Amino acid sequence: MGKRGGRRARVAGAAVAGDRGVHTRRGPPMAGRGTRLVAAVATVSMAWATVAAVVLVLAPMPVTAATAGKNCLRRLVSHPAEFARCGIDTTCFLFIEEDPFIFIGNISNDPVDPLNPRTPFPCTEFAERGLSGFSFTLYKKLWPSSSDLCVYAGDINDCTFNGMIDYLNDTRAPGHPGYGMALGVTGALVFSPVRRRLGISSSSILEDRLVMVRRKRSRSGFWAQSNFELTTLSWPFTAGTWVLILQAFVAALLVTAGLSAWRPTPLWDVGVEDGRVRWRLRWLQWAYNWVRNLAGGDLEPAEAHFEPARNLVRSVPYAVIAIVVVWWEAAFIIGSTSTTLIKPLSGLTDAELCSFTVPHSTALEETWLSIVNSGRESNPINISGLATGTTHRTWNTCDSAASCFQQVTTGGRSPSPRCDSTRTTDVLVTFQPVLYSQMRQHPELCDALEVLATEEEVFRFTLGWMYADVVTPNATAAAAWASRREDIDVAIRQARLDQTTSDVLDTTIGKQVPCPLNQQRVQPGQLMLPLVLALVVYYVLAVMLALGYPLLQGALRAEKRRQV
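Just so you know, the sequence shown maps onto residues 729 to 1292 in my numbering.
Now the structure itself:
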């Protein structure tokens, strides 16, 4: 970028100098004011040229298809002799890190170290170079004594998946460092229409599907839900259910009120004086009985025999409350943790896309774009515009599986200026094996993420390897490479038929995630409301009893003394 900016600065400077010469030649030979005017114009022009040059140097240049693979396989330029066999009789596979297919461990970066994976090495000798993953394991299982070579194409910041495919395509041009070499890309690549035009595809190693993983909304707490309203409290139960609950609770209170006329102290034993009934005393006695039957209280010696029955009577309203709360909370949890997208993925608006994140410069992003565009006939997103930087994504992007999952769990924000600054990344679009691998490596993700279900089939595709369409006059080498590709295809198909591929995949990442993602666990935010209600309601009732019970006792005793 610096060189390009420098060239632009020199061009701008030359233009200004030319303009200065034009003005000087065309202007009449005059001194004083005219000369100062010309000098001022030239000075201003030079200043604007300097500003333009600085802007061009500092402005980020978009990554285009032509430059996407420019930084891949740099060692081929600096050490071409190491790749000599790739142009004679050997297929050389490029790879970058791709969880769970290719893992880059503690590798050597020493240019002269023979164990540096940037130097071509036999593909079966990956372990001693700090490499691992499904692709290497499957390769060694199928071809334990193969002569194929593998080479690390570069870090993800320098070489992307699309960049490697572009690199293979560029090798067909004479003068390219890889011209005439049998290069390939291993790991696991999605066979997209664009890629099939840029190289030769192998047989399908396995089939896969897109999955979407969302940060659990309830993890941030019940009150963080933006659509909270008072009707949310009544939503778990229908109107008829609420009527039934009210009837059951009122029935419990009425039965307790009826028993309070009999026990602990019968009303007909009090309030009679000189043949007259003192109703105030009886009402006070009834209220005293009812409060003690509901909330407890000391019994008189003559009332002690009613204690066991009173304990059962007191438990009835609380049993009704407990049943209602348990069912309400269960319905609320199920309703608040729905893992099904209500709106189809096709035709998502720009604002809705802000909450998604997708690995950039991959066929996955191209696939995601095709899904989104299927409902945006009037306003499709131009994929070439994304590559050149003229069209801005509203969804977020990530480089590796670890960074992708971190974006979702931490709620990273999309850098697009069209997204609200408070809109966080909630959903990750990824592959199912990637999900299984990350969950196995980081079990804590089980409590943080959930897999979304969609009403439509999102996408299914095949994964495999790709080869460069080699241009060479060497017929013998071309025949050898074609024969080797055919042998690889046969072995891949056979491995799928005899379940070798699935067995290796299950051994590498497991048959399923280590936690049941389709089962919901209670999150702290989901218990917030019932706990708050329980604390508030019971403490309010306790305060009311603390204030009212002594008054009731005093009024009852005073009324009894008045009777005596």
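Just so you know, even glycine gets a beta-carbon here, dropped at the ideal spot from N, CA and C. These numbers come from a predicted model, not from an experiment.
In the structure shown, glycine 1238 adopts coil according to DSSP, grouped into three states. Secondary structure at leucine 1076: coil, using DSSP grouped into helix, strand and coil. In this structure isoleucine 1216 is buried. Its beta-carbon is surrounded by 16 or more other beta-carbon atoms within 10 angstroms. If only complete runs of 3 or more residues are kept, the region 895-925 shows the beta strand (DSSP E) at 911-918, in order along the chain. For arginine 991, the three-state secondary structure derived from DSSP is coil. By the neighbour-count definition (other C-beta atoms within 10 Å, threshold 16), histidine 807 is an exposed residue.
Three or more pairs of CB atoms, one per stretch, sit closer than 8 Å, so the region 813-829 contacts the region 1203-1215. Arginine 1010 and leucine 995 do touch by the CB rule: their CB atoms are close to 5 Å apart, below 8 Å. Here threonine 818 carries a coil assignment [DSSP, helix/strand/coil]. Bounds of the beta strand (DSSP E) holding proline 1087 are 1084-1087. Contact holds between the region 878-889 and the region 823-841, because three or more Cβ pairs, one in each stretch, are under 8 Å apart. Contact annotation: serine 1098 and asparagine 890 have beta-carbon atoms that are not nearer than 7 Å. For the set Ala1059, Arg1042, Ala1091, the Cα lying nearest the Cα of proline 964 is the one of Ala1059.
Sequence-distant Cβ neighbours of proline 1045 in its own chain, meaning closer than 8 Å and more than five residues away, are Phe977, Ala980, Leu981, Thr984, Leu1022. Note that the C-beta distance between threonine 1122 and leucine 934 is not below 7 Å. Here asparagine 1124 is buried. Its C-beta has 16 or more other C-beta atoms within 10 Å. Note on the region 792-875: whole beta strand (DSSP E) runs with a minimum of 3 residues are 820-823, in chain order.
Contact annotation: the region 1125-1133 touches the region 1152-1170, with at least three C-beta pairs closer than 8 Å. Sequence-distant Cβ neighbours of cysteine 1082 in its own chain, meaning closer than 6 Å and more than five residues away, are Thr1122, Ser1142, Cys1147, Arg1151. Here cysteine 1243 carries a coil assignment [DSSP, helix/strand/coil]. The alpha-carbon separation between methionine 940 and threonine 1200 amounts to approximately 44 Å. At a cut-off of 4 residues, the continuous stretches assigned as alpha helix (DSSP H) that sit fully inside the region 1118-1148 are 1129-1138. With a cutoff of 7 Å on beta-carbon distance, aspartate 1154 and glycine 927 are scored as not near each other.
Here the region 1219-1238 lies against the region 860-870, with 3 or more beta-carbon pairs under 8 Å apart.
In this structure, leucine 917 lies near methionine 1194, with their beta-carbon atoms less than 7 Å apart. Runs of alpha helix (DSSP H) with 4 or more residues, each lying fully within the region 1157-1204, are found at 1160-1169, listed in chain order.
Listed as beta-bridge partners of tyrosine 880 by DSSP are Phe823. The three-state secondary structure of serine 1102, taken from DSSP, is coil. Nearest Cα to glycine 1238 within the set Val1179, Arg1289, Gln1169: Gln1169. Taking C-beta atoms as the reference points, phenylalanine 862 and phenylalanine 829 count as a pair closer than 7 Å.
Residues of the same chain with a CB within less than 7 Å of the CB of glutamate 1031, apart from the 5 flanking positions on each side, are Pro992, Thr993 in chain order. Residue pairing by DSSP places serine 929 opposite Met1194 in a beta bridge.
When rounded, the separation of the alpha-carbon atoms in arginine 923 and isoleucine 893 is 7 Å. The beta carbon of leucine 1280 sits closer than 8 Å to those of Leu1012, Ala1015, Tyr1016, Val1019, all from its chain and outside the five residues before and after it, given in chain order. Remark: C-beta atoms of aspartate 936 and leucine 1163 do not approach each other more closely than 7 Å. Of the other Cβ atoms in all chains shown, 16 or more fall within 10 Å of the Cβ of serine 1165; this residue is therefore buried.
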